[in-house]
C-alpha cells in the first residue's frame, strides 16, 4: 500500500516527458518582458563631429551632418535663401541657386559646393540658425460615441383559399422550406434575419377539405439597444506635421435580390469599408498657444426611408482650419448629434384601416435611433518620450498574473505547493534577468555619458579651431592690408621723389632759360 501511494503521489513527476519540459521552458522564456540593451547605444563619433571642408579646384566642398531636420528640408532652404534673381527678355523673373547642394539621405548629410571659405562660413552660420530642435506636440484624443435604438414592428402572413367562393387565393406564398411568407412584410425587407424572431399569434382554420384553408398570423417584435464607445488614443507629432488616427470596419451590407414573379427573394451580402478618420496638424506659436488644423470624417451605415430599405454608406466631414488653444486647454468638437424616426405602414387599402382587425391586413415597421459623437483634443508640448525602463516595468505589471490565495481545490491537487514554488523560482529568475538588463543599461548609460563628454570636448575643440581659423583669416587680411599700405606708402614716396626731381629739373630748366636769355641780351648789347 505504501509503495502504491508513493507511486500514485509521484505520478506527475514520472509523467514529465521531455516534450512537456521543453514546452514549459519555452513558455517561461517567452512570458518574460525583457528590456532592449541597445536603447542607449551612442551615435558614432563621425556623425557628431564638426563640419568638414575639402579644397577643390573650383572652391570648397562643405560636408555637414544634419542634427535636427531631414536633409531634404535643409537643402530646399539653402537653395531658396542663397539664390540669385535673374530676369529674361520678357520680364519673367527666376531664381538660380548660388551653390550646388547634394543630399545623402542614408546618412542625413549635406554636400555644398562653395566658391571659397567665406561663402562656406555663410552657409554654416545659416545652418546653425535653422538646424535647431523641432517642437514635438503630444495630442491626447478623447472620442465618445453614444447610440440608442428602439424598434417595433409587426408582419402579417395571410392565406385565404377560394376567396368568396371563387378560385382566388389571397397571400399564401411559401418559401423553399414550405414556410408561409409574410404578405405584408415589415422590418424583414431590410433585415433578412428578422423572420426568425418574434411572437406569432392569429387565426388558423382548416376543415380538412383541400382548397378551404384560412390562415392569418401576426408576428410581433420589439427591440431596444444602446452602444457606448470611448476611445482615448494619444499621438505625438512634430510641429507642422500631420497626425492621423484611422479606424476601419469592413462592414457587411445586405441587399435583397428580387427576380421573376413566383421566385422567392433572396439576400446577398457585400462588404464595404466604413472609416472614421481624425487628422490633426499642430502649429506652436511663440506665445505658447497651439493651433490645431483638424479634419474629422465619420462613416456609418444608414437605412433610407421607403418601402424597401437598403443599407447605404454615409460620410460626415468636419474641417477646422484655424484656432488657438492655450496650454492646458482642450478643443471640443461636439454637437454631432443625429436623431432619426421612421415609420412605414403597409397593408391592404381599406381593410388595414378597420379598427382591431386591421392589424391582420397590415404591417408596420417603426424605428427610432439617436447618435452623438464628441471629440476632445488636448495638445501639449511633449517631453520627448518615457524612460524605457519605466515603460517595461509598467508592461510587466499589466502582464503579470494576478495574486490570489490558494483554494481548497489547489490544496488538494497540489498539497506540497510545488506550483507556487515553481512560480516563485520563475519570478526570482525573471527578477535576476531584470537586474542583469538593468546593469547593462547602466553600463550603456555610463558609456553614453562618456560619449557626451567627448562630444562636448569635440564641440569645444571645434569652436576653438573655428575661432583660431577666424583669427588667422583676420590676421591674414590685416597682413595683406598692411602690405598694401606699405606698398602704397612706397609708391607715394617714389611719386614724391619723382615730383621733387621733376621740380628740380624744372627749376634747372628755368635757370638755363634765364641764363640763355641773359646771354642773348648781352650778345645783342655787344652787337650794337
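Numbering (this note's numbering), first residue to last: 1 to 528. We treat Cβ as the ideally placed atom computed from N, Cα and C, and that holds for glycine.
Distance, residue j Cα to residue i Cα
i, j, result
"residue 379", "residue 316", "24 Å"
"residue 283", "residue 331", "14 Å"
"residue 289", "residue 280", "16 Å"
"residue 267", "residue 375", "37 Å"
"residue 521", "residue 485", "53 Å"
"residue 540", "residue 33", "With the chain covering only 1 through 528, there is no way to say anything about residue 540."
"residue 327", "residue 243", "19 Å"
"residue 56", "residue 101", "15 Å"
"residue 360", "residue 352", "8 Å"
"residue 19", "residue 27", "12 Å"
"residue 155", "residue 392", "59 Å"
"residue 308", "residue 343", "At residue 308 the pLDDT is 47, less than 50, meaning the model places this residue with poor confidence and gives no usable figure here."
"residue 31", "residue 398", "12 Å"
"residue 276", "residue 369", "20 Å"
"residue 448", "residue 74", "28 Å"
"residue 91", "residue 79", "22 Å"
"residue 111", "residue 472", "25 Å"
"residue 514", "residue 507", "10 Å"
"residue 234", "residue 247", "14 Å"
"residue 493", "residue 504", "16 Å"
"residue 70", "residue 135", "14 Å"
"residue 141", "residue 236", "11 Å"
"residue 168", "residue 372", "Unreliable placement is indicated for residue 168, whose pLDDT of 49 sits below 50; the coordinate value is still reported in the next sentence. Approximately 52 Å, taken between the alpha carbons."
"residue 117", "residue 476", "13 Å"
"residue 52", "residue 314", "58 Å"
Beta-ladder partner(s) of residue i, from DSSP
i, result
"residue 248", "275"
"residue 137", "237, 381"
"residue 270", "253"
"residue 451", "According to DSSP, which records beta bridges pairwise, residue 451 is partnered with nothing at all."
"residue 142", "376"
"residue 297", "277, 317"
"residue 349", "Paired residue(s): none; residue 349 is not in a bridge."
"residue 460", "The partner list for residue 460 (beta bridge, DSSP) is empty, contrary to what the question assumes."
"residue 327", "None; residue 327 has no bridge partner."
"residue 282", "292"
"residue 229", "145"
"residue 337", "372"
"residue 367", "151, 342"
"residue 36", "Residue 36 pairs with nothing; no bridge assigned."
Limits of the unbroken alpha helix (DSSP H) element including residue i
i, result
"residue 45", "45-48"
"residue 390", "388-399"
"residue 125", "117-130"
Buried or exposed by the 16-neighbour rule on C-beta atoms within 10 Å, applied to residue i
i, result
"residue 482", "exposed"
"residue 385", "exposed"
"residue 306", "Note on residue 306: pLDDT 41, under 50, position unreliable in the model; the coordinate value appears next. So residue 306 ends up on the exposed side."
"residue 273", "exposed"
"residue 120", "buried"
"residue 363", "buried"
"residue 390", "exposed"
"residue 35", "buried"
"residue 240", "exposed"
"residue 299", "buried"
"residue 76", "exposed"
"residue 257", "exposed"
"residue 230", "exposed"
"residue 137", "buried"
"residue 66", "buried"
"residue 132", "exposed"
"residue 525", "exposed"
"residue 296", "buried"
"residue 88", "exposed"
"residue 479", "exposed"
"residue 470", "exposed"
"residue 114", "buried"
"residue 23", "exposed"
"residue 21", "exposed"
Near the ligand NAP: residue i beta-carbon under 7 Å from a heavy atom
i, result
"residue 22", "As far as ligands go, the structure on display features none, and thus does not contain the ligand NAP."
Residue i - containing beta strand (DSSP E), residue span
i, result
"residue 110", "109-114"
"residue 102", "100-104"
"residue 531", "Past the boundaries of the shown model lies residue 531; the chain is included only from 1 to 528, so the question cannot be answered."
"residue 76", "Counting along the chain, residue 76 falls outside any beta strand (DSSP E), though it belongs to the alpha helix (DSSP H) covering 71-81."
"residue 18", "Looking at the DSSP string, residue 18 is not in any beta strand (DSSP E); the run it does join, the alpha helix (DSSP H), is 18-30."
"residue 96", "93-97"
"residue 56", "52-56"
- Task: Check whether the segment 219-238 touches the segment 144-154, counting contact only when three or more Cβ pairs, one atom from each stretch, lie closer than 8 Å.
- Result: yes
- Three or more C-beta pairs closer than 8 Å, one from the segment 98-111 and one from the segment 240-252: is that the case here? no
- Evaluate the contact criterion for the segment 439-452 versus the segment 82-96: three or more CB pairs, one atom per stretch, below 8 Å. no
- Would you call the segment 464-482 and the segment 62-81 touching, i.e. three or more CB-CB distances under 8 Å? no
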